[in-house]
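Asker:
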Amino acid sequence: MKEHTFTKITKVFLFAMLFSPLISYFVLIGTAGDRSSTYYFSAYSIILGSIYLVLFADKIKLPKELIFLILYIIYEISWTFFNGEYERRGLFNQLINNLHIGTFFIILIIYNIHFSDKFINNTSKIFKLTVVLAVFASIYQVFNNSFLDANPFWQKSNVSDIIGDIYQDRRLSIFGFVNLNELGLSFLPFASAMIGYYLYYRKEGNSPIFAIFVGIISLLSNNRYVIVGFILLLIQFYIIKKDNTSNILKNIFIIVIGSISLYIILNLVGYNFDEWFSNRLFKEGSITNTTRFGALQNFIYFFPEVLLFGTGVHLTAQIALASHSIGSSQIHVGYLSHLLTYGLLGSFLLFGFWFMLLKRLYKNAKKTKYWGAFFGVLIFMWAQATLVYYFIFFYGIIYCLIMDKYMGDSISKNKI
Numbered sequence: 137m138k139e140h141t142f143t144k145i146t147k148v149f150l151f152a153m154l155f156s157p158l159i160s161y162f163v164l165i166g167t168a169g170d171r172s173s174t175y176y177f178s179a180y181s182i183i184l185g186s187i188y189l190v191l192f193a194d195k196i197k198l199p200k201e202l203i204f205l206i207l208y209i210i211y212e213i214s215w216t217f218f219n220g221e222y223e224r225r226g227l228f229n230q231l232i233n234n235l236h237i238g239t240f241f242i243i244l245i246i247y248n249i250h251f252s253d254k255f256i257n258n259t260s261k262i263f264k265l266t267v268v269l270a271v272f273a274s275i276y277q278v279f280n281n282s283f284l285d286a287n288p289f290w291q292k293s294n295v296s297d298i299i300g301d302i303y304q305d306r307r308l309s310i311f312g313f314v315n316l317n318e319l320g321l322s323f324l325p326f327a328s329a330m331i332g333y334y335l336y337y338r339k340e341g342n343s344p345i346f347a348i349f350v351g352i353i354s355l356l357s358n359n360r361y362v363i364v365g366f367i368l369l370l371i372q373f374y375i376i377k378k379d380n381t382s383n384i385l386k387n388i389f390i391i392v393i394g395s396i397s398l399y400i401i402l403n404l405v406g407y408n409f410d411e412w413f414s415n416r417l418f419k420e421g422s423i424t425n426t427t428r429f430g431a432l433q434n435f436i437y438f439f440p441e442v443l444l445f446g447t448g449v450h451l452t453a454q455i456a457l458a459s460h461s462i463g464s465s466q467i468h469v470g471y472l473s474h475l476l477t478y479g480l481l482g483s484f485l486l487f488g489f490w491f492m493l494l495k496r497l498y499k500n501a502k503k504t505k506y507w508g509a510f511f512g513v514l515i516f517m518w519a520q521a522t523l524v525y526y527f528i529f530f531y532g533i534i535y536c537l538i539m540d541k542y543m544g545d546s547i548s549k550n551k552i
């Protein structure tokens with residue numbers, strides 16, 4: 137069947153997302169640090185999705201998890217009328233810049249088109265190039281922390297707190313111009329999707345080698361949630377049933393040898409892992425000294441007052457003051473922060489959407505034996521234990537869904 141021209145255009149748009157680090161660099165410079173390219177991609181998704189609905193209204197199948205997202209979008213927009221955001225920014229501005237609406241349309245498109253082997257092979261090539269560039273950038277940033285430093289563009293007020301110490305620098309590799317947490321929230325899920333793909337097709341030379349590279353990038357990021365996310369990614373090496381015992385042992389051997397080599401090389405150039413453990417990984421000494429523990433205490437204090445509907449804003453003056461008192465700028469646990477902002481009702485809708493999406497990926501993983509997409513989104517879910525991001529419109533997450541659709545089509549033969 138001949139592919140519709142609009143579908144081809146849509147795939148070009150999706151493929152362009154793979155160049156987000158490069159595109160974002162020029163976008164951020166062009167807008168003087170005003171806006172991430174993510175918002176532009178989301179806006180285009182809304183436009184493309186709207187056209188797609190008009191052209192293929194009679195053929196489109198609505199993924200059931202999107203029902204939760206639709207209800208959440210309505211709930212969130214309703215709050216903008218009550219908290220004055222609508223008057224300040226206007227309805228069109230609210231809609232076109234809403235990343236949840238962009239998420240709705242991008243998922244609708246992904247699960248209603250077919251991705252060819254050629255598209256996925258080209259994606260794999262860009263992934264490999266991205267990883268190679270990222271690992272070199274991360275290593276170079278150990279010695280020159282100003283290299284590709286995006287902090288000045290984001291106008292971070294606490295740059296001095298995270299720049300200047302080899303063991304505490306948050307190294308963003310090539311991803312900082314997309315988002316200061318793009319490495320953990322987008323690249324790592326993308327890596328999970330692609331490494332899972334290599335594992336599935338027994339591309340033994342790719343899966344352990346690129347896992348080592350991703351491990352280097354994760355370790356040198358000095359972000360603890362990224363390191364834990366990388367460990368989640370590695371679980372695929374143990375649970376995928378398609379690999380036999382000899383392949384598993386071979387992959388483990390390559391990863392261990394690669395890790396030992398990395399340890400030796402970094403020690404030779406002056407990177408002391410003992411100091412890294414004490415100065416970064418366990419710098420607080422006790423969990424009670426962490427801002428996350430303080431966030432939990434603040435949550436317990438404020439949540440009963442806004443139990444059902446939340447505050448409707450990210451931070452009230454009282455919550456901001458309480459957060460500053462524990463050395464934080466906000467409730468630094470995504471799930472708790474969202475409960476305060478949108479209450480049990482709003483959180484049921486958003487978390488319900490996340491759960492249903494993860495359930496879809498899990499069911500498909502059980503059926504296809506491809507686990508990359510599931511663990512990719514799981515990495516994002518884990519990150520919300522320490523970050524505050526309510527949207528999943530990240531190119532890495534989007535490619536987890538693309539890979540899930542591709543793998544599902546590949547084994548079912550029911551291609552849309």
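Just so we're aligned, residue 137 is where the sequence shown starts under the numbering used here, counting upward by one.
We put the beta carbon where it would ideally sit given N, CA and C, even for glycine.
This one's a predicted model, so the numbers in the text were calculated from it and none came from an experiment.
First and last residue of the alpha helix (DSSP H) that includes residue 148?
Answerer: Residues 141-152.
Asker: Answer with buried or exposed for residue 312, where buried requires no fewer than 16 other C-beta atoms within 10 angstroms of its C-beta.
Answerer: Looking at its Cβ environment, which holds 16 or more other Cβ atoms inside 10 Å, residue 312 is buried.
Asker: Any contact between the region 314-325 and the region 492-504? By contact I mean 3 or more CB pairs, one from each, below 8 Å.
Answerer: Flag = no, the region 314-325 and the region 492-504 do not touch.
Asker: To which residues of the same chain is residue 501 closer than 6 Å at the C-beta, ignoring the five residues directly before and after it?
Answerer: 507 and 510.
Asker: With a 10 Å radius around its C-beta and 16 neighbouring C-beta atoms as the bar for buried, classify residue 547 as buried or exposed.
Answerer: Residue 547 should be labelled exposed.
Asker: Taking contact to mean at least 3 C-beta pairs separated by less than 8 Å, is the region 144-159 in contact with the region 210-228?
Answerer: In short, these stretches do not touch, since the Cβ pair count stays below three.
Asker: I need the straight-line Cα distance from residue 443 to residue 203, nearest angstrom please.
Answerer: Approximately 23 Å between the Cα atoms of the pair.
Asker: Below 7 Å CB to CB, which residues in the same chain sit around residue 310 once its five sequence neighbours on both sides are set aside?
Answerer: Cβ within range, chain order: 157, 269, 270, 273 and 284.
Asker: What whole-angstrom Cβ distance do residue 228 and residue 181 have, given they're in contact under 8 Å?
Answerer: At roughly 16 Å, the Cβ-Cβ gap does not stay under 8 Å, so residue 228 and residue 181 are not in contact.
Asker: Can you list, in chain order, the residues of its chain whose CB lies under 7 Å from that of residue 173, leaving out five sequence neighbours each side?
Answerer: If we look at residue 173 and ignore the five residues flanking it on each side, its Cβ neighbours are 156, 159, 160, 163 and 314.
Asker: Per the contact definition of three or more C-beta pairs closer than 8 Å, is the region 188-205 in contact with the region 481-496?
Answerer: Contact between the region 481-496 and the region 188-205 is present, because at least three Cβ pairs lie under 8 Å.
Asker: Could you check whether the region 363-372 touches the region 527-536, counting it as contact only if at least three pairs of C-beta atoms, one from each stretch, sit closer than 8 Å?
Answerer: Output reads no: the region 527-536 does not touch the region 363-372.
Asker: Residue 176 and residue 541 look like a contact to me (Cβ under 8 Å); what is the Cβ gap, rounded to whole Å?
Answerer: Wrong, their Cβ atoms sit about 24 Å apart, outside the cutoff.
Asker: Leaving aside the five residues before and after residue 330 along the sequence, list all residues of the same chain whose C-beta is less than 6 Å from its C-beta, in chain order.
Answerer: Counting only Cβ-Cβ distances below 6 Å, and skipping sequence neighbours, we find 263.
Asker: On the criterion of 16 or more Cβ atoms from any shown chain inside 10 Å, does residue 190 qualify as buried, or is it exposed?
Answerer: Residue 190 is exposed by the Cβ-count criterion.
Asker: Look at residue 245 and residue 208 and say whether their C-beta atoms are less than 8 Å apart.
Answerer: Not closer than 8 Å, so no.
Asker: Using the three-state DSSP reduction, which class does residue 157 fall into: helix, strand or coil?
Answerer: Residue state, collapsed to three classes: helix.
Asker: Which residue comes first and which comes last in the alpha helix (DSSP H) that contains residue 193?
Answerer: Here residue 193 belongs to no alpha helix (DSSP H), and DSSP marks it neither H nor E.
Asker: Measure the C-alpha to C-alpha separation of residue 299 and residue 358 and round it to an integer number of angstroms.
Answerer: Interpretation of residue 299 is limited by its pLDDT of 47, a score under 50 that renders its predicted location unreliable; no figure is taken from the coordinates.
Asker: By the DSSP assignment, the alpha helix (DSSP H) with residue 261 in it spans what residues?
Answerer: 253-279 is the extent of the alpha helix (DSSP H) around residue 261.
Asker: Report buried or exposed for residue 361, applying the criterion of at least 16 other Cβ atoms within 10 angstroms of its Cβ.
Answerer: So residue 361 ends up on the buried side.
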